[in-house]
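Peer 1:
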Amino acid sequence: MITQNQLHHDLEEMLELDADTIKGNENLDEIAWDSMTVVMFIAMADQKYSVAVSPSKLADAKTVSDLYSLISNPA
Amino acid sequence: MAIVQFTKSKIAGITCTLPRQIITTAEVAAALGTNATKVKAMTGISQRRIAPPEICASDLCVDAAGRLLVDLEWDLQSIDALVFVTQTPDYILPATACTLQQRLGLPNTCACFDVNMGCSGYIYGLWLASSLVESGLKRVLLLVGDTLTRIVSEADRSVAFLFGDSGSATALEQGESNTTFVLGTDGSGAEHLIIRAGQARQRMTPDLCKRVEMEGGNIRSPQELYMNGSEVMAFTLREVPPLFEQLLEHSGTQRDEIDAVVMHQANQFLLDNLTRKIGIESNRVPTTVENFGNTSCASVAVKISLCLGEQISENNIKLAMMGFGVGWSWAGCIGDFGPIKVPPVNFLE
Chain A
1 MITQNQLHHD LEEMLELDAD TIKGNENLDE IAWDSMTVVM FIAMADQKYS
51 VAVSPSKLAD AKTVSDLYSL ISNPA
Chain B
1 MAIVQFTKSK IAGITCTLPR QIITTAEVAA ALGTNATKVK AMTGISQRRI
51 APPEICASDL CVDAAGRLLV DLEWDLQSID ALVFVTQTPD YILPATACTL
101 QQRLGLPNTC ACFDVNMGCS GYIYGLWLAS SLVESGLKRV LLLVGDTLTR
151 IVSEADRSVA FLFGDSGSAT ALEQGESNTT FVLGTDGSGA EHLIIRAGQA
201 RQRMTPDLCK RVEMEGGNIR SPQELYMNGS EVMAFTLREV PPLFEQLLEH
251 SGTQRDEIDA VVMHQANQFL LDNLTRKIGI ESNRVPTTVE NFGNTSCASV
301 AVKISLCLGE QISENNIKLA MMGFGVGWSW AGCIGDFGPI KVPPVNFLE
């Protein structure tokens, strides 16, 4: 089971943010979320969590917390 | 299941022709107000070849085919079929392949037809052309090419950085071979990579030529390419690794026997992820993405010509090839190829 802290750490690495920047309650538009980072997130979830994220559900995600829900309840 | 082994049809030669004109990621990024470094880091693309308005995919393929036929010293009368794989034909009708028969001086006894396939198109073309040879035809010319830059909006960030133009020619004839093909389709993905207007479903009207702002501020008209990048990524991660496993299984091949895996050149990020997933070292997965971008249906031929030309012209090597994308459509093959003729890639003015 992936922890929220692990996801935050991986997102910080992917987005090249300083450590402990992400707390979990951020809106995605606050962390430079765009069409490229969406693609990177799908690849990261596949590689690190072995989770196939649904692109249409990902498109509806608004917050970092929503991303955590997607990878912890992929079905 | 579309899984088949061929034993009597071999590749005799491959070459490619690309436009001489170059467009760089830096130029496009400057025009769009985008960070070129970020785009380059993600796509791996520094520059691409772009055809001027007067050059079509058919023209690139005619140049490639003409040079290849000279190198092979084939009697044109011995060519029984021509298959042209493209998404950018010269006309809605007739089939561009018919005009290519005349332009290349092929006999009237030659069967010629177009196939509308994109990213999987080179492998589909190889499978089809091989099938024709296996069915009894003596020699078949497979021409695969696209000028996708013609149907992409340069104001649409989701596609403006990706595509390059190219044409290829592959010659097949009767001869000993051992090639396994696996092909597949999932039409539920059709809406994610599509040009909606301009054909029978939605005929062209003046309104449909107008560019409008779409999702994420991307600007295009309905007669230009729409791509949902996240759906493309999810599809390839889902379908390509099983395709590779099926190829290994049905051909009885071990990973370490393969000299090179030639994958459709979508972009470097996608290629890196697929390379990781299929369990092959990156030094056996050559890439042309940096200088040529995504050359659509011809990308596998472009990569063989540019990266493996010397090797395959002198030796018999084991290659896995895989194409995947628009459709969704995917196809792969594993076989022993070479020595074959590989005339140097030409750059057309």
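Each protein sequence line maps, in turn, to chains A and B.
Residue 72 in our numbering sits at position 72 of the first sequence, and the numbers go up by one each step.
Residue 340 in our numbering sits at position 340 of the second sequence, and the numbers go up by one each step.
From the three backbone atoms N, C-alpha and C, an ideal C-beta is built for every residue, glycine too.
Any Cβ of chain B within less than 7 Å of the Cβ of M36 (chain A)?
Peer 2: Chain B contact via Cβ: present.
Peer 1: Within its chain, find whatever has a CB closer than 6 Å to the CB of S299 (chain B); leave out the 5 residues flanking it on each side and keep chain order.
Peer 2: The residues are H264, Q265.
Peer 1: Rank B:L104, B:A95, B:L143 by C-alpha distance to the C-alpha of V85 (chain B) and give the top, closest one.
Peer 2: Answer by Cα proximity: B:L143.
Peer 1: From which residue to which residue does the alpha helix (DSSP H) around F347 (chain B) run?
Peer 2: It is not in any alpha helix (DSSP H) - F347 (chain B) instead sits in the beta strand (DSSP E) that spans 346-348.
Peer 1: Measuring only the C-alpha atoms, how far is R20 (chain B) from A30 (chain B)?
Peer 2: Between R20 (chain B) and A30 (chain B), the C-alpha separation is close to 22 Å.
Peer 1: Should K62 (chain A) go down as buried or exposed, given a rule of 16 or more other Cβ atoms within 10 Å for buried?
Peer 2: Counting Cβ neighbours within 10 Å, K62 (chain A) comes out exposed, since fewer than 16 surround it.
Peer 1: Using beta carbons (cut-off 7 Å, strictly below), is A43 (chain A) in contact with chain B?
Peer 2: It does; some Cβ of chain B falls within 7 Å.
Peer 1: Taking Cβ positions, are I14 (chain B) and A190 (chain B) nearer each other than 7 Å?
Peer 2: Taking 7 Å as the Cβ cut-off, I14 (chain B) and A190 (chain B) do not qualify as a contacting pair.
Peer 1: Can you list the residues of chain B that V64 (chain A) reaches, using a CB-CB cut of under 8 Å?
Peer 2: Those within 8 Å of V64 (chain A) in chain B number zero; the least Cβ separation is about 17 Å.
Peer 1: What three-state label does DSSP hand G325 (chain B) in the structure shown?
Peer 2: Strand.
Peer 1: From the beta carbon of L237 (chain B), is the nearest beta carbon of chain A less than 7 Å away?
Peer 2: Interface residue, yes.
Peer 1: Does C297 (chain B) pass the burial test, meaning 16 or more other C-beta atoms within 10 Å, or should it be called exposed?
Peer 2: Label assigned to C297 (chain B): buried.
Peer 1: Work out the CA separation of K23 (chain A) and N294 (chain B) for me, nearest whole Å.
Peer 2: Rounded to whole angstroms, N294 (chain B) to K23 (chain A) spans 38 Å at the Cα level.
Peer 1: Could you tell me which whole alpha helix (DSSP H) segments of length 4 or greater appear in the region 126-181 of chain B?
Peer 2: Entirely contained in the region 126-181 of chain B, not one alpha helix (DSSP H) run reaches 4 residues.
Peer 1: What's the C-alpha gap between A52 (chain A) and F41 (chain A)?
Peer 2: Between A52 (chain A) and F41 (chain A), the C-alpha separation is close to 10 Å.
Peer 1: Terminal residues of the continuous alpha helix (DSSP H) containing L18 (chain B)?
Peer 2: It is not in any alpha helix (DSSP H) - L18 (chain B) instead sits in the beta strand (DSSP E) that spans 9-19.
Peer 1: Can you tell me which residues form a DSSP beta bridge with V261 (chain B)?
Peer 2: B:A320, per the DSSP bridge assignment.
Peer 1: Between I151 (chain B) and the rest of its own chain, which residues show a CB-CB distance below 7 Å, the 5 nearest in sequence each way excluded?
Peer 2: Here the set comprises T88, I195, E224, L225.
Peer 1: Would the region 41-48 of chain B count as touching the region 65-81 of chain B if we require 3 or more Cβ pairs under 8 Å?
Peer 2: Output reads no: the region 65-81 of chain B does not touch the region 41-48 of chain B.
Peer 1: Under 7 Å Cβ to Cβ from A26 (chain B), same chain only, skipping five residues before and after it: list those, please.
Peer 2: Once the five neighbours on either side are set aside, the close Cβ partners of A26 (chain B) are A36.
Peer 1: If you follow the beta strand (DSSP E) that L82 (chain B) is in, where does it begin and where does it stop?
Peer 2: Taken as a continuous stretch (DSSP letters only), the beta strand (DSSP E) holding L82 (chain B) covers 81-85.
Peer 1: Determine whether the Cβ of N273 (chain B) lies closer than 7 Å to any Cβ atom of chain A.
Peer 2: Yes, its Cβ sits closer than 7 Å to a Cβ of chain A.
Peer 1: Among B:I23, B:G338, B:S305, whose alpha-carbon lies nearest the alpha-carbon of N350 (chain B)?
Peer 2: Here chain B covers residues 1 to 349 and nothing more, so residue 350 (chain B) does not appear.
Peer 1: Just to confirm, is the Cβ distance from L183 (chain B) to A197 (chain B) under 7 Å?
Peer 2: Not closer than 7 Å, so no.
Peer 1: Does the distance from the CB of M1 (chain B) to the CB of I123 (chain B) come in under 7 Å?
Peer 2: In this structure, I123 (chain B) does not lie closer than 7 Å to M1 (chain B) by Cβ.
Peer 1: Name the chain A residues whose beta carbon is nearer than 8 Å to that of N228 (chain B)?
Peer 2: Going along chain A in sequence order, the residues near N228 (chain B) (Cβ under 8 Å) are P55.
Peer 1: According to DSSP, is V240 (chain B) part of a helix, a strand, or is it coil?
Peer 2: Note: V240 (chain B) maps to helix in three-state DSSP.
Peer 1: Closer than 6 Å by C-beta to F347 (chain B): which residues in its own chain qualify, once you throw out the five before and the five after it? Chain order, please.
Peer 2: Here the set comprises L18, R20.
Peer 1: Between which two residues does the alpha helix (DSSP H) harbouring C112 (chain B) extend?
Peer 2: Per DSSP, C112 (chain B) belongs to no alpha helix (DSSP H); it is in the beta strand (DSSP E), 111-115.
Peer 1: Return the Cβ separation of W127 (chain B) and A260 (chain B) in integer angstroms, given the expectation that the two are a contact with Cβ distance under 8 Å.
Peer 2: Going by Cβ atoms, the distance from W127 (chain B) to A260 (chain B) rounds to 19 Å, so no, they are not a contact pair.
Peer 1: Count Cβ pairs between the region 266-275 of chain B and the region 229-239 of chain B that sit closer than 8 Å; are there 3 or more?
Peer 2: The region 266-275 of chain B is in contact with the region 229-239 of chain B.
Peer 1: Is the region 98-107 of chain B in contact with the region 57-72 of chain B, if contact means three or more CB pairs nearer than 8 Å?
Peer 2: Yes: the two stretches touch, three or more of their Cβ pairs being nearer than 8 Å.
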